[in-house]
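Structure, as structure tokens:
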Amino acid sequence: MPKTAPPPTTAGRPPLERALTTRTLYFFILGDVLGAGVYVLVGQVAADAGGAVWVPLTVALLLALLTAASYAELATKYPRAGGASHYATRAFGPFVGFLAGFCMLAAGVVSVAALARGFAGDYLTAFVSAPVAPVAVLFLAALALLNARGIRESTRANVVATVVEVGGLAIVVVLGCLLLARGDGDPSRLVRLGTAEHGAAAAVLSGAVLAYYSFVGFETSVNVAEETRDPRRSYPRALFGALVTAGAVYVLVGLAASAAVPTSTLAHSGGPLLEVVRAAGGVPVWLFSAIALVAVANGALLTGIMSSRLAYGMARDGLLPAVLARVLPGRRTPWAAIAATTALSMLLALTGGVATLASTLVLLLLVVFLLVNTAALVLRREPGTPGHFRTPAVVPVLGAASCVLLATRIEAAVWLRGLTVLGVGLVLAAVAAARRDSTDRAPA
11 MPKTAPPPTT AGRPPLERAL TTRTLYFFIL GDVLGAGVYV LVGQVAADAG GAVWVPLTVA
71 LLLALLTAAS YAELATKYPR AGGASHYATR AFGPFVGFLA GFCMLAAGVV SVAALARGFA
131 GDYLTAFVSA PVAPVAVLFL AALALLNARG IRESTRANVV ATVVEVGGLA IVVVLGCLLL
191 ARGDGDPSRL VRLGTAEHGA AAAVLSGAVL AYYSFVGFET SVNVAEETRD PRRSYPRALF
251 GALVTAGAVY VLVGLAASAA VPTSTLAHSG GPLLEVVRAA GGVPVWLFSA IALVAVANGA
311 LLTGIMSSRL AYGMARDGLL PAVLARVLPG RRTPWAAIAA TTALSMLLAL TGGVATLAST
371 LVLLLLVVFL LVNTAALVLR REPGTPGHFR TPAVVPVLGA ASCVLLATRI EAAVWLRGLT
431 VLGVGLVLAA VAAARRDSTD RAPA
């Protein structure tokens, strides 16, 4: 039987290829959540919360699940590339829609640039010494080519990388257990909550802010809902399954690391999980460096996929130049959006300004999550796709409240930088909304 050409969209452009299954989407989300952050997360949380790092990790998971439920409802109701931008546009109009998309794009592009520099940094020096800038550019170019080749190939690479990442974390858990078995660890650290600066409650909340960032990544998956074969069925299963899996892995890693290594050692280490490997022995240090490189590359690939699909979706909604909605005829991947977002990441990686913007990522994402949770409530009057996932109304309310709560724990200096980025977004949003309004009023 001859192949049937995919039906065109309303704008006459070919749709993105529906190639993702529940399994590949699960690995997509799991690989994005279990990214490079886990390899430095435990030490940062220990510095803020004390030895009982599993407590803020668990709190952060529960808070992330609130917003994830809103994403599950909206992604199955409107399975389109564009994600948060598309939802906010439907709920609040193009101005807020552009702002949501801008915050996600800013976070995504900066994150990819930072990961590129991380790939070219200390972990790579375990194998070869090379200048950071050219390695970062070549790394980003290779990821862009893989992204443009197709969502199927990208997610296959992600499945392999995710297995490697989880395997590395499993090594840490096993080594931690071995250290305890031979009497070198201290299980009593697992119930020590609080630091000299913070009591138990403040320590949990402060640690949860850091831990919360480790769970973000699930929001990128809504931008590939359009490329999922049956998003109504697959997306909620993959999303909640991946988050619960990641939470279980994080808690086990936190328990193993905190019991095996003194809290002060974890807190002052740039590679806290590597401290467990060194303390236990038996596993080459270079092996863990290789696993970290895989984690960084995988995180950059998945975030790059998200950024390009978001730019594509915003262009299709009229919020970005229409050229960004161009799709490769054979591969059906958004090549123009991939090229544009990669170029911006390359620019940031070369200028070295990534570190200044990277600290604003949590704030930008909290703005996006607040808009998504409120959009889920506003859009309840629309029917959407029949049989879509529906969460109890109280969940988006709690999700929005959690965003406000976490935002109050962010430092003033980060707020200053974040408000600068948001100010730029507000100006561009006003321009985009005005341009779209004038286009809508123009005679046919």
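Numbering (our numbering), first residue to last: 11 to 454.
We put the beta carbon where it would ideally sit given N, CA and C, even for glycine.
Inter-residue spacing [alpha-carbon to alpha-carbon] between LEU312 and ASN168: Taking the first residue of the sequence shown as 1, we reach residue 312 at position 302. Taking the first residue of the sequence shown as 1, we reach residue 168 at position 158. Going from the Cα of LEU312 to the Cα of ASN168 covers about 8 Å.
Could you have a look at LEU329 and say whether DSSP puts it in helix, strand or coil? Here residue 329 is taken as the residue at index 319 of the sequence shown, counted from 1. Note: LEU329 maps to coil in three-state DSSP.
For SER283, three-class secondary structure by DSSP: Position 273 of the sequence shown, counting from 1, holds the residue named residue 283. The amino acid at residue 283 is misidentified as Ser; the sequence shows Leu. Reduced to three states, the DSSP call for LEU283 is helix.
CB-CB length for ALA98 against ALA385, believed under 8 Å: As a working note, residue 98 is residue 88 in the sequence shown. As a working note, residue 385 is residue 375 in the sequence shown. Contact holds; Cβ gap of about 5 Å.
Give the secondary structure of THR313 by DSSP, where H, G and I count as helix, E and B as strand, and everything else as coil. To locate residue 313, count along the sequence shown from 1; it is residue 303. Correct three-state label for THR313: helix.
Cβ separation of ALA321 and ALA350, assumed to be a contact under 8 Å, to the nearest whole Å: Locating residue 321 in the sequence shown gives position 311, counting from the first residue. Locating residue 350 in the sequence shown gives position 340, counting from the first residue. Their Cβ separation, rounded to whole angstroms, is 6 Å, which keeps ALA321 and ALA350 in contact under 8 Å.
Could you tell me which residues DSSP puts in a beta bridge with THR238? Here residue 238 is taken as the residue at index 228 of the sequence shown, counted from 1. THR238 is bridged to LEU30.
Rounded to the nearest angstrom, how far is the Cβ of ILE420 from that of VAL372, given a contact under 8 Å? Looking up residue 420 in the sequence shown gives position 410. Looking up residue 372 in the sequence shown gives position 362. Contact holds; Cβ gap of about 7 Å.
Could you check the C-alpha separation between CYS187 and ALA74 for me, to the nearest Å? Numbered from 1 along the sequence shown, position 177 holds the residue referred to as residue 187. Numbered from 1 along the sequence shown, position 64 holds the residue referred to as residue 74. Near 28 Å, if we compare the C-alpha coordinates of ALA74 and CYS187.
Go to TYR81, then tell me how far its alpha helix (DSSP H) extends in each direction, as first and last residue. The residue given as residue 81 occupies position 71 in the sequence shown. Its alpha helix (DSSP H) spans residues 64 to 87.
Does the Cβ-Cβ distance between ALA221 and LEU51 come in under 8 Å? Walking along the sequence shown from the start, residue 221 turns up at place 211. Walking along the sequence shown from the start, residue 51 turns up at place 41. Result yes, Cβ atoms of ALA221 and LEU51 sit closer than 8 Å.
First through last residue of the alpha helix (DSSP H) which encompasses PRO197: Here residue 197 refers to the residue found at position 187 of the sequence shown. No alpha helix (DSSP H) contains PRO197, which DSSP labels as neither H nor E.
Using a 10 Å radius around the Cβ and a threshold of 16 neighbouring Cβ atoms, would you call ASP58 buried or exposed? The count along the sequence shown starts at 1 and reaches residue 58 at position 48. The residue in question, ASP58, is buried, as its Cβ has 16 or more Cβ neighbours within 10 Å.
Could you tell me which of GLY118, GLY251, VAL263 sits nearest to TRP469, measuring between CA atoms? Because the chain here runs from 11 to 454, residue 469 falls outside it and cannot be looked at.
Pick from LEU200, ALA70, ALA180, THR352: whose alpha carbon is nearest that of LEU153? Residue numbering aside, residue 153 sits at position 143 when the sequence shown is read from its first letter. Here the closest residue by C-alpha is THR352.
Tell whether a beta-carbon distance below 8 Å holds between ALA269 and LEU276. As a working note, residue 269 is residue 259 in the sequence shown. As a working note, residue 276 is residue 266 in the sequence shown. Taking 8 Å as the Cβ cut-off, ALA269 and LEU276 do not qualify as a contacting pair.
Using only CA atoms, which one of ALA146, PHE108, VAL333, THR31 lies nearest to ALA442? Position 432 of the sequence shown, counting from 1, holds the residue named residue 442. Checking every option, the nearest Cα to that of ALA442 belongs to PHE108.
Please check the pair ALA171 and GLY41, which I expect to be a contact at CB under 8 Å, by giving their CB distance rounded to whole angstroms. Position 161 of the sequence shown, counting from 1, holds the residue named residue 171. Position 31 of the sequence shown, counting from 1, holds the residue named residue 41. Between GLY41 and ALA171 the Cβ distance is about 6 Å, and since that is below 8 Å, they are a contact.
Can you have a look at ASP194 and say buried or exposed, based on whether 16 or more other CB atoms are within 10 angstroms of its CB? Numbered from 1 along the sequence shown, position 184 holds the residue referred to as residue 194. By the neighbour-count rule (16 or more Cβ atoms within 10 Å), ASP194 is not buried but exposed.
Going straight from the alpha carbon of LEU426 to that of ALA116, what length do you get? Looking up residue 426 in the sequence shown gives position 416. Looking up residue 116 in the sequence shown gives position 106. About 16 Å.
Would a C-beta distance cut-off of 8 Å place VAL414 and THR370 closer than the cut-off? Locating residue 414 in the sequence shown gives position 404, counting from the first residue. Locating residue 370 in the sequence shown gives position 360, counting from the first residue. No, Cβ-Cβ distance for VAL414 and THR370 is not below 8 Å.
Measuring CA to CA, which of VAL388, ALA444, THR361 is closest to VAL120? Taking the first residue of the sequence shown as position 1, residue 120 is located at position 110. For VAL120, the nearest C-alpha among the options comes from THR361.
Pick helix, strand or coil for VAL306, following the three-state DSSP scheme. Here residue 306 is taken as the residue at index 296 of the sequence shown, counted from 1. Of the three classes helix, strand and coil, the one that applies to VAL306 here is helix, per DSSP.
If I'm right that MET324 touches GLY118 with Cβ under 8 Å, what's the distance once you round it to whole angstroms? Start at 1 with the first residue of the sequence shown, and residue 324 comes out as number 314. Start at 1 with the first residue of the sequence shown, and residue 118 comes out as number 108. Between GLY118 and MET324 the Cβ distance is about 12 Å, and since that is not below 8 Å, they are no contact.
Using the C-alpha atoms, what's the distance from THR34 back to PRO241? Within the sequence shown, numbered from 1, the residue matching residue 241 stands at position 231. Within the sequence shown, numbered from 1, the residue matching residue 34 stands at position 24. The alpha-carbon atoms of PRO241 and THR34 are separated by roughly 12 Å.
Candidates PHE37, ALA347, LEU215, of which the one nearest ALA256 by Cα: Within the sequence shown, the letter at position 246 stands for residue 256. Among PHE37, ALA347, LEU215, the Cα nearest to that of ALA256 belongs to PHE37.
Euclidean distance between Cα positions of SER299 and ARG391: Sequence index remark: in the sequence shown, residue 299 carries index 289 (1-based). Sequence index remark: in the sequence shown, residue 391 carries index 381 (1-based). Distance between the alpha carbons of SER299 and ARG391: 50 Å.
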